[in-house]
Amino acid sequence: MPKDHNNSDGSGTKGKKRAASDDGPEAKKPRPDATKLVMEHNEEGDPFIAIDKMRRVTVRQFKGKVLVDLREFYADKASGDAKPGKKGISLSAEQWAALKANMDVVDLMLAEVEK
3 MPKDHNNSDG
13 SGTKGKKRAA
23 SDDGPEAKKP
33 RPDATKLVME
43 HNEEGDPFIA
53 IDKMRRVTVR
63 QFKGKVLVDL
73 REFYADKASG
83 DAKPGKKGIS
93 LSAEQWAALK
103 ANMDVVDLML
113 AEVEK
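In this note's numbering, the protein residues as written are 3 to 117.
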């Protein structure tokens, strides 16, 4: 079973507590490489955005549930069409909402690792 790295306050930090002043103005700035992406539709009519040449974020239904699918694609050798690969993750609408609500925390974690 994986170890729980949460502090008793539930912050998820390992041994350090962050003060509100740690967030600073840089925590709110978008990353310089952040760009607006254009929504397209795949062959099944599902909306997606291509975050790079071979990675997409698609919103689709599977077995009656709405999913946000982050997935790598590959070029089919026979047709050259982009096909979904095995590498990826599908998030329920609730999981997606939880991730979105904590994007500022992910940005802080990213900034900390990039130091």
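Ideal Cβ positions, reconstructed from N, Cα and C, are used throughout, including at glycine.
Thinking C-beta only, is F50 closer than 8 Å to V40?
Position 38 of the sequence shown, counting from 1, holds the residue named residue 40. Position 48 of the sequence shown, counting from 1, holds the residue named residue 50. The beta carbons of V40 and F50 sit no closer together than 8 Å.
May I ask you to report which of helix, strand or coil DSSP gives N100?
Residue 100 sits at position 98 when you count from the first residue of the sequence shown. For the sequence presented, residue 100 should be read as Ala rather than Asn. In the three-state DSSP reduction, A100 falls in the helix class (H, G or I).
Nearest by alpha-carbon distance to E46: which of E74, P86, M105 and A77 is it?
For the purposes of this step, residue 46 is identified with residue 44 of the sequence shown, where counting begins at 1. Checked all of E74, P86, M105 and A77; the closest Cα to E46 is P86.
In terms of alpha-carbon separation, which member of Y76, V107 and D109 lies closest to D54?
Residue 54 sits at position 52 when you count from the first residue of the sequence shown. The residue among Y76, V107 and D109 with its C-alpha nearest the C-alpha of D54 is Y76.
With a cut-off of 8 Å, does the C-beta of V40 fall near any C-beta of chain B?
The structure shown has no chain B; it contains just one protein chain.
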